Amino acid sequence: MTNDHRVAVPGPAASGVGSLPGGDQGAALRLVFDGLGGAPGLPYLPELPARGVGADMTGRTAGNLLVDIAIDLAPSGWRVADAPGRDQGRAVSHLRRDLDVLEELTQDYTGPLKLQAVGPWTLAATVELKHGDKVLADRGACRDMAESLAEGLSRHLAEVRRRVPGATSLVLQLDEPALPGVLRGTVPTASGFGRLRSVDEPLARDLLRRVIETAAPDGHVVVHCCAPGVPLTLLRDAGASAISLDWSLLRTRQDEQLAELIEAGTVLYAGAVPSLEPASAVPPNYQRIVDEILALRRIGLPARQIAGAVVVTPSCGLSGASPQWAARAQRLCLDAARALADVE
1 MTNDHRVAVP GPAASGVGSL PGGDQGAALR LVFDGLGGAP GLPYLPELPA
51 RGVGADMTGR TAGNLLVDIA IDLAPSGWRV ADAPGRDQGR AVSHLRRDLD
101 VLEELTQDYT GPLKLQAVGP WTLAATVELK HGDKVLADRG ACRDMAESLA
151 EGLSRHLAEV RRRVPGATSL VLQLDEPALP GVLRGTVPTA SGFGRLRSVD
201 EPLARDLLRR VIETAAPDGH VVVHCCAPGV PLTLLRDAGA SAISLDWSLL
251 RTRQDEQLAE LIEAGTVLYA GAVPSLEPAS AVPPNYQRIV DEILALRRIG
301 LPARQIAGAV VVTPSCGLSG ASPQWAARAQ RLCLDAARAL ADVE
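Residue numbers for the sequence shown, in our numbering: 1 to 344.
Given below as structure tokens:
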């Protein structure tokens with residue numbers, strides 16, 4: 001499949017994965033836009049899981065973006081329900097307030113904006129059916145949930161466009177940390193005593209493609225996976241215009257795939273900045289980050305081409321970091337992107 005790469009922010013640029021520490025959305029948004037609100041930055045709507053129920057990754061997406069599917073929180077996690085409950089109401093309340101603050105603080109903003117949501121396979125691997133195992137155990141339920149998610153994402157993007165009219169383009173990030181496990185058959189059952197059967201790559205690709213094409217047919221979609229074994233070719237063939245990954249997990253056996261991605265115009269969101277403050281007495285600096293990214297020259301492409309295909313990010317979300325490190329990590333991303341812009 002030939003992908004139409006409509007990339008809102010070509011590299012080199014800087015962004016974040018999505019989550020930040022703390023519970024003050026106004027402070028989080030100011031941190032993001034103060035640091036990434038101009039070129040070469042790609043600001044995003046922060047997620048603040050420290051706020052508790054409904055602010056977590058799964059609850060935020062399932063509670064707000066599934067159309068005609070209600071959820072509730074059971075002792076084992078989020079579960080499909082007959083009707084929305086109090087816990088789903090908390091998820092809705094969190095996102096409504098976040099969008100209100102976003103609208104208020106971006107009155108004069110002009111530029112791209114990134115939004116994050118859980119992708120269909122990670123959602124299926126973390127949400128349970130009403131009276132059974134995880135949604136992943138039922139292929140029909142997986143399709144139904146994916147279709148519901150796609151419609152909800154489309155509505156969400158439309159609402160953000162109305163609220164932030166200065167957004168020149170919206171980037172949709174689908175978080176799929178569970179996808180490698182879905183493909184390998186290592187996702188545990190709801191009881192935890194077994195493993196759910198693996199999903200064939202063609203099915204995984206096609207369902208993800210339907211979500212991408214329905215939710216953002218004319219937009220920009222990056223798929224984030226910070227787990228080992230990111231299925232690079234599958235994500236490209238599913239229609240992702242960019243792939244976000246933990247740079248430290250790249251293996252030389254993936255070099256051929258990486259070269260093909262870059263030459264085809266796929267942008268790599270390089271998670272090269274640690275998401276937690278390193279214990280080393282020597283703190284990382286932006287030049288070290290640049291060197292780690294340009295080590296990809298081993299694939300045989302010129303440094304300038306690699307630099308132009310990269311958006312620098314932390315290796316994963318920053319919710320577990322201190323506020324000081326979250327701010328420092330964002331500055332490192334921006335400084336590294338500016339240095340990459342000067343690469344010859």
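C-beta atoms are modelled at their ideal positions from N, C-alpha and C, and glycine is treated no differently. All of these numbers come straight from a predicted model, not from anything done at the bench.
Short Cβ contact (8 angstroms threshold) for residue i with residue j
{"i": "Ser198", "j": "Arg210", "result": "no"}
{"i": "Arg60", "j": "Ala91", "result": "yes"}
{"i": "Val80", "j": "Leu136", "result": "no"}
{"i": "Ser19", "j": "Gly271", "result": "no"}
{"i": "Asp357", "j": "Val267", "result": "Look at the range of the chain in this structure, 1 to 344, and you will see that residue 357 is not part of it."}
{"i": "Arg304", "j": "Val343", "result": "yes"}
{"i": "Glu128", "j": "Gly77", "result": "yes"}
{"i": "Thr186", "j": "Leu123", "result": "no"}
Expected contact under 8 angstroms - CB spacing of residue i and residue j to nearest Å
{"i": "Pro49", "j": "Asp56", "result": "5 angstroms"}
{"i": "Pro247", "j": "Glu277", "result": "Strictly speaking, residue 247 in this sequence is Trp, with Pro absent from that position. The Cβ separation is near 17 angstroms, so there is no contact."}
{"i": "Trp121", "j": "Ala204", "result": "6 angstroms"}
{"i": "Leu345", "j": "Ala327", "result": "Coverage of the chain is limited to positions 1 through 344, which leaves residue 345 absent and any answer about it impossible."}
{"i": "Pro21", "j": "Ala321", "result": "6 angstroms"}
{"i": "Leu153", "j": "Leu172", "result": "7 angstroms"}
{"i": "Leu258", "j": "Leu294", "result": "Wrong, their Cβ atoms sit about 13 angstroms apart, outside the cutoff."}
C-alpha distance - residue i paired with residue j, whole-angstrom precision
{"i": "Ala339", "j": "Leu102", "result": "30 angstroms"}
{"i": "Pro274", "j": "Ala167", "result": "29 angstroms"}
{"i": "Leu36", "j": "Gly111", "result": "10 angstroms"}
{"i": "Ser241", "j": "Leu65", "result": "22 angstroms"}
{"i": "Val230", "j": "Thr252", "result": "13 angstroms"}
{"i": "Asp144", "j": "Arg162", "result": "28 angstroms"}
{"i": "Ala329", "j": "Leu207", "result": "34 angstroms"}
{"i": "Gly393", "j": "Tyr269", "result": "The shown model of the chain, from 1 to 344, leaves out residue 393, and the question about it has no answer."}
{"i": "Gln107", "j": "Ala341", "result": "29 angstroms"}
{"i": "Ala83", "j": "Ala307", "result": "49 angstroms"}
{"i": "Asp68", "j": "Ala62", "result": "11 angstroms"}
{"i": "Arg288", "j": "Glu104", "result": "37 angstroms"}
{"i": "Pro283", "j": "Arg155", "result": "42 angstroms"}
{"i": "Ala141", "j": "Gly132", "result": "12 angstroms"}
{"i": "Pro234", "j": "Pro165", "result": "Sequence check: residue 234 is Leu here, not Pro. Each residue's alpha carbon lies about 33 angstroms from the other."}
{"i": "Gly41", "j": "Ala238", "result": "26 angstroms"}
Nearest candidate by alpha-carbon position, reference residue i, set the options
{"i": "Lys134", "options": "Gln173, Ala178, Gly26 and Arg161", "result": "Ala178"}
{"i": "Gly54", "options": "Gly37, Ala74 and Phe193", "result": "Ala74"}
{"i": "Gln25", "options": "Ser319, Ala242, Leu157 and Val187", "result": "Ser319"}
{"i": "Asp138", "options": "Thr233, Ala321, Thr189 and Ala240", "result": "Thr189"}
{"i": "Val221", "options": "Gln305, Gly77, Leu332 and Lys114", "result": "Lys114"}
{"i": "Asn285", "options": "Val223, Leu332 and Leu294", "result": "Leu332"}
{"i": "Glu159", "options": "Asp108, Arg96, Leu149 and Thr186", "result": "Arg96"}
{"i": "Cys401", "options": "Tyr44, Leu42, Pro180 and Lys130", "result": "Absent from the model: residue 401. The displayed extent of the chain is 1 to 344, so no value can be given."}
{"i": "Arg51", "options": "Ser93, Tyr44 and Phe33", "result": "Ser93"}
{"i": "Asp291", "options": "Ala336, Pro302, Pro323 and Gln254", "result": "Ala336"}
{"i": "Ala125", "options": "Gly192, Leu296 and Ala70", "result": "Gly192"}
The segment 308-322 contacting the segment 14-25, beta-carbon criterion three pairs below 8 angstroms | Yes: the two stretches touch, three or more of their Cβ pairs being nearer than 8 angstroms.
message: Any contact between the segment 189-198 and the segment 246-260? By contact I mean 3 or more CB pairs, one from each, below 8 angstroms.
response: No, the segment 189-198 does not touch the segment 246-260.
- Message: Check whether the segment 201-219 and the segment 257-267 are in contact - that is, three or more C-beta pairs closer than 8 angstroms.
- Response: No, the segment 201-219 does not touch the segment 257-267.
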